[in-house]
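In our numbering, the protein residues as written are 38 to 217. Every residue gets a Cβ at the ideal spot worked out from N, C-alpha and C, and that includes glycine.
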């Protein structure tokens, strides 16, 4: 998590967890207000810190005060290259949060999940139920979760499967990002 969204829709950096920088293609820090590559130094892992990790996204850091009153800097994402975010309108959501929710809320009803963000406002969630009788409950929880995150702006299509196919490398991707 690089930032938290406030009630005004701005993404606030969390300096107590990490240090974010915006750099140019040569790795040099750019001034606030200039678009560049987002790099993060994570401060939470003292044993093996992650230092100046290029997350693959581009953005701008702003010092301008937010209307919400928070004093932390605002991060504006320009392009999201990271395949682990679902973005609909102005809201971006890390797929890891969804997978964590599913694993905690649906662990006894499901064996496997896969999320495909096929189009800007369409999300397909494939799942393998432990029993077919759980399908309605599973689909209700999936739809409720994503509708609450994206303010009902995202169409969620649930697909019950007997199994989820492997990719060419023999892995089952948990998230597939469409080309849009």
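(request) Rank 137, 64, 207, 115 by C-alpha distance to the C-alpha of residue 89 and give the top, closest one. (result) The residue labelled residue 89 in the question sits at position 52 within the chain shown. Nearest C-alpha to residue 89: 64.
(request) Classify residue 203 as helix, strand or coil using the three-state DSSP reduction. (result) As a position in the chain shown, residue 203 is number 166, starting the count at 1. Here residue 203 sits in coil by DSSP.
(message) Only counting the same chain, and skipping five residues up and downstream in sequence, which positions put a Cβ closer than 6 Å to that of residue 58?
(response) As a first step, residue 58 is located in the chain shown; it is residue number 21 there, counting from the start. The answer, listed in chain order, is 66, 76.
(request) Indicate, with yes or no, if the ligand FAD has a heavy atom lying under 7 Å from the CB of residue 64. (result) Summarising the ligand content, the structure contains no ligands, and the ligand FAD is consequently not present.
(request) State buried or exposed for residue 96, treating a residue as buried only when at least 16 other CB atoms are found within 10 Å of its CB. (result) Sequence index remark: in the chain shown, residue 96 carries index 59 (1-based). Classification for residue 96: buried.
(request) Tell me whether the beta-carbon of residue 139 lies closer than 8 Å to the beta-carbon of residue 122. (result) Here residue 139 refers to the residue found at position 102 when the chain shown is read from its first residue. Here residue 122 refers to the residue found at position 85 when the chain shown is read from its first residue. Contact flag unset, no.
(request) Please confirm if the stretch 171–181 is in contact with the stretch 133–147, defined as three or more CB-CB distances below 8 Å between the two stretches. (result) yes
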